[in-house]
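J.: For what it's worth, the numbering used here labels the leading residue of the sequence shown as 1, then goes sequentially. Using N, Cα and C, we set each Cβ at its ideal position, and we do this for glycine too. Please see the structure below; I have some questions.
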Amino acid sequence: MSLPKYDVLKNLSSSEIEEKILVLKKELLYLRIQNANFSNKSPHLIKSTKHQLAQLLTFQRQNYQTPLKKGVKKK
1 MSLPKYDVLK NLSSSEIEEK ILVLKKELLY LRIQNANFSN KSPHLIKSTK
51 HQLAQLLTFQ RQNYQTPLKK GVKKK
């Protein structure tokens with residue numbers, strides 16, 4: 001199973017990205033439960049799901065980040 005490319009995300013809308021994030025979080029929860037019960041036959045799916053989720057969250061943060069409010073100073 002090959003990992004998805006980052007360039008594919010550029011064609012998705014923000015609602016599609018949010019939907020995929022929710023689906024991957026649910027899938028990751030299911031895989032973790034399977035792993036805890038020793039019934040997981042393919043542990044590589046956890047790694048690929050985490051990777052996909054990280055890509056989506058990074059893309060979402062980079063492209064849809066809200067600007068900082070004025071008057072708020074960073075330390």
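Label residue 52 either buried or exposed according to how many other C-beta atoms from any shown protein chain fall within 10 Å of its C-beta, with 16 as the threshold for buried.
T.: Per the 10 Å Cβ criterion, buried.
J.: Tell whether a beta-carbon distance below 7 Å holds between residue 28 and residue 49.
T.: Yes.
J.: Can you round the beta-carbon distance between residue 56 and residue 24 to whole angstroms, since I take them to be within the 8 Å contact cut?
T.: With a Cβ gap of about 7 Å, residue 56 and residue 24 count as contacting.
J.: According to DSSP, is residue 38 helix, strand or coil?
T.: Of the three classes helix, strand and coil, the one that applies to residue 38 here is coil, per DSSP.
J.: State the Cα-Cα distance for the pair residue 21 and residue 35, rounded to the nearest angstrom.
T.: Going by the C-alpha atoms only, they are around 21 Å apart.
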